[in-house]
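Step one of this worksheet: look at the structure below.
Protein chains: 2
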Amino acid sequence: MKASIVTIGDEILLGQLVDTNSTWLADNLTQESVVIQNVLSISDKLEDIVESLELLSSASDLIIVTGGLGPTKDDVTKKALAEFMNTDMYFDETMFNKITAYFEKVGFTLTEAHRLQCYLPKGIEVLENKMGTAPGMYFTQKGTHILSLPGVPYEMKWIFENSFLPLLKSINNLGVPTLHRTIRTVGIGETRVEAKIRDIIDELPEGLSVAYLPGLGQVKVRLTARGQNAQDDVMEKYKTKLTNALGDYVYGFEKTLLEQALMDVFVRKGKTLATAESCTGGQIAAKIVSVSGSSKYFLGGSVSYSNEMKRIHLGVQEETLIEQGAVSEQTVIEMLDGLLQSSGADIGVAVSGIAGPGGGTPDKPVGTVWLAWGSKGERHTEKLQLGKDRIKNIEYTTVVAMNRLRLFLTH
Amino acid sequence: MKASIVTIGDEILLGQLVDTNSTWLADNLTQESVVIQNVLSISDKLEDIVESLELLSSASDLIIVTGGLGPTKDDVTKKALAEFMNTDMYFDETMFNKITAYFEKVGFTLTEAHRLQCYLPKGIEVLENKMGTAPGMYFTQKGTHILSLPGVPYEMKWIFENSFLPLLKSINNLGVPTLHRTIRTVGIGETRVEAKIRDIIDELPEGLSVAYLPGLGQVKVRLTARGQNAQDDVMEKYKTKLTNALGDYVYGFEKTLLEQALMDVFVRKGKTLATAESCTGGQIAAKIVSVSGSSKYFLGGSVSYSNEMKRIHLGVQEETLIEQGAVSEQTVIEMLDGLLQSSGADIGVAVSGIAGPGGGTPDKPVGTVWLAWGSKGERHTEKLQLGKDRIKNIEYTTVVAMNRLRLFLTH
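Line by line, the protein sequences give chains A and B. Here the working numbering is used: the first residue of the first sequence is 7, the next is one more, and so on. Here the working numbering is used: the first residue of the second sequence is 7, the next is one more, and so on.
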């Protein structure tokens, strides 16, 4: 099944909003073996919407439209759908009664705008939306399935998952069967990943291919199978081969994030963790805490941004700060020691660096970052020499810190 | 001038990459009064690229294509451009010499893939790329300006800003003049923003309009002028009126982030800040540190995630934790007191809550968050009752904390 995604609204065209709705939809459709042919953002002009629907329907089996629904949006999408379907609007009593009942329950007053929302194009199927008042709408036109969803992400997602997905499974003509597997690596570049698995790639059976998706400090290896070899046992066999060839660089599969992999290994080993951060300013801790359940192993830490805080919270020696500087191996070692001492954690990580873009010296240019990690009995240090982009330096250092902790426990 | 943006590559269609390139381009083109008509993502199939260029060129004055360039991408975009232009490829000696010289300088070995990169469609203008080896390419076809950029964000941005922008300014036929102003508010919902400025909106001169762009805890008010009233003095007048009507809820304008506004007010008042975070896990500190120059006022803080850390780092009383619980007004007050004491900061903020999705009780459901902020002489507390989404709860609490600190110093 081939699909197109259309986003309606000015925010994306003005560059004021990143289109995460389309990414979410594309990801979820891909998991259903739907092939996305194009993702389009257009303005909320009626004629543009109709024209796009006409254009896309000739080549797509499914079109998903998001946005342009709801009381303040003038419901332009509904009007465009009616024009595209060459039909009139009707007043949906059932929907109106539901909204009325809901508003009475929560004690809100129904407005004229809400009443107008209940006018829908004749011939559509209303898909339930338990997260708001704008409905999902579904219909077929000349063999193309069309789904219209509101633009508010949690409403869009709810309708898709609960009201549309069962329907999709019933209409989805799979065409060429397709399967994906994703292997997530960290601490190794794209070319080195490729070199390590080249032999396996050369012997892949027909229909299987590999793509590399590089991120900051991470590379995802995506194995795709199309056709007769798109079978779970074939995929698992080559996923295992690739994983073995990549060894320790692999931290997880599919949608597992590095911070989740980190939690898994700490919980499995029954160890606790604390952090001491200068240049990353709490980013390592925040990443760790973003995972539900992190309190099982993460005790907390210190954001010792100023020298004073490094002394007070972590007991870094004043002479170390004066003689070696805040960005030095000795400082991060003392930060780590103080952290392990004061927190009582089994394992810790300490970071100090010059995130930039200012603050560099000839000796210690912007992007110099020192890390120390380990336990009371076994400490390691590492120096990074990064670029001038502050946000990138912070994010990259966070990835390195989490990976060092992961490897410390897996070795 | 009307423009289309086309992104080439599978990652977006598979939902594995959010298309931030298009957002950046749309934002930068909008600032040049270019009107974006559509943003399209397509696969890297040659025929799809050619077809899209043909389709879009009939209605767009400018098409910007990103992606599908570079040694590992098989340079499909170049081949598609040549087919669209109905021209052949030539070997660009100048480009080859430049790449050779660069590789000699950094001591890398030139590969065959790099040599192949120097084949370009006849008739294009090569735009310099100081960030990599894939060139920008520019040409006109039947009156439409076409720009091709690599997909790597920092290369794309560099070529656009340095090699293309001067060219754009010379070819840009402005059409209807358009101006934008953005007023950024925090701590007030969309409907209340609208109620506060309704009178001003009713009296806006012809061609001026207002749009609301809601985010988590924040609403951006965008004032747009098209036509004869698109003049700076008219815009400034109404921007001032709107700002005055919105009062303290306004923290900044245009692209200013809340964390930048926070730094500005602390630096202006000459005060220092420290943070004590439980459920936000360092996110408040990380946001603060993400702004360059934050060391001028931010000392650091404690990520006191476990009860032990609350006791050790901040001196929260054991009986408070037992009797009132870690998520309580008394706990955040003691966290704040301990923080101000140990850090020596003028002002502090302390947060403790249940981020979810687990960990709630009937008394303290998921989403219960306590904040305390202030100085030694003046403390405030606030209880939030949020939803069940962990990431959203952390981000929203971070916004509230930064806003409370901002207002504490501005009042």
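The beta-carbon is built from N, C-alpha and C at its ideal position, and this holds for glycine as well.
* Would you say residue 311 of chain A reaches chain B, if we count a Cβ-Cβ gap shorter than 8 Å as a contact? -> yes
* In angstroms, rounded to a whole number, what distance separates the CA positions of residue 208 of chain A and residue 239 of chain A? -> 19 Å
* Just the Cα atoms here: how many angstroms apart are residue 50 of chain B and residue 70 of chain B? -> 15 Å
* Based on the DSSP secondary-structure assignment, which residues constitute the bridge partners of residue 359 of chain A? -> A:375
* **Min CB distance residue 265 of chain A to chain B below 8 Å** => no
* Using a Cβ cut-off of 7 Å, which residues of the segment 181-204 of chain B contact any Cβ in chain A, in chain order? -> none
* According to DSSP, which residues form a beta bridge with residue 45 of chain B? -> A:47 and B:11
* Test: residue 363 of chain A CB closer than 8 Å to a CB of chain B -> yes
* **Alpha-carbon spacing of residue 342 of chain A relative to residue 351 of chain A, whole angstroms** => 11 Å
* Is the number of C-beta pairs between the segment 262-277 of chain A and the segment 225-240 of chain A that are closer than 8 Å three or more? -> no
* To do: For the segment 408-417 of chain A and the segment 55-75 of chain B, state whether three or more C-beta atom pairs, one from each stretch, are separated by less than 8 Å.
  => no
* Cβ neighbours of residue 2 of chain A in the same chain (closer than 6 Å, five flanking residues each side left out) -> Any property of residue 2 of chain A remains undetermined from this structure, which presents chain A solely from 7 to 417.
* **CA-to-CA distance, residue 337 of chain A to residue 354 of chain A, given in whole angstroms** => 14 Å
* Asked: Going along chain B, which residues have a C-beta under 7 Å from residue 44 of chain A?
  -> 46, 47 and 48
* To do: Determine the chain B residues that contact residue 33 of chain A at a beta-carbon separation under 9 Å, and present them in chain order.
  => 20, 21 and 22
* Please report the residue range of the alpha helix (DSSP H) in which residue 170 of chain A lies. => Neither: residue 170 of chain A is in no alpha helix (DSSP H) and is coded neither H nor E.
* To do: Output yes if chain B places a C-beta closer than 8 Å to the C-beta of residue 418 of chain A; else output no.
  => Here chain A has residues from 7 to 417 only, and residue 418 of chain A is not among them.
* Test: residue 248 of chain B CB closer than 8 Å to a CB of chain A -> no
* Would you please state the rounded distance, in angstroms, between the beta carbons of residue 260 of chain A and residue 191 of chain A? I believe it to be under 8 Å. => That pair is no contact at about 13 Å.
* Taking the C-alpha atoms as reference points, what is the distance between residue 86 of chain A and residue 56 of chain B? -> 28 Å
* Asked: How many angstroms separate the CA atom of residue 167 of chain B from the CA atom of residue 184 of chain A?
  -> 40 Å
* **Cβ-based contacts, 8 Å cut-off: residues of the segment 267-278 of chain A near chain B** => none
* Report yes if the C-beta distance between residue 292 of chain B and residue 412 of chain B is below 8 Å; otherwise report no. => no
* Asked: Does the Cβ-Cβ distance between residue 373 of chain B and residue 394 of chain B come in under 8 Å?
  -> yes
* Per DSSP, which residues does residue 332 of chain B bridge with? Please list them. => Answer is none; residue 332 of chain B lacks a bridge partner.
* Label residue 161 of chain B either buried or exposed according to how many other C-beta atoms from any shown protein chain fall within 10 Å of its C-beta, with 16 as the threshold for buried. => buried
* From residue 366 of chain A to residue 360 of chain A, what distance separates their C-alpha atoms? -> 7 Å
* Does any residue of chain A bring its CB to less than 8 Å from the CB of residue 338 of chain B? -> no
* **Chain-order list of residues whose beta-carbon lies under 6 Å from that of residue 23 of chain B (same chain, five-residue window excluded)** => 17
* To do: Return yes when the C-beta of residue 24 of chain A is under 7 Å from any heavy atom of the ligand NAP, and no when it is not.
  => Annotation note on the ligand NAP: not contained in the displayed structure, which lists no ligands.
* How would you list, in chain order, the residues of chain B whose beta-carbon sits under 8 Å from the beta-carbon of residue 25 of chain A? -> 24, 25, 28, 29 and 45
* Starting from residue 125 of chain A, follow the beta strand (DSSP E) in both directions and report where the run begins and ends. => 125-127
* Whole-angstrom distance between residue 312 of chain A and residue 280 of chain B, CA atom to CA atom -> 10 Å
* Residue from A:37, A:326 and A:141 with nearest C-alpha to residue 165 of chain A -> A:141
* To do: Leaving aside the five residues before and after residue 149 of chain B along the sequence, list all residues of the same chain whose C-beta is less than 8 Å from its C-beta, in chain order.
  => 67
* Around the Cβ of residue 399 of chain A, are there at least 16 other Cβ atoms within 10 angstroms (buried) or fewer (exposed)? -> buried
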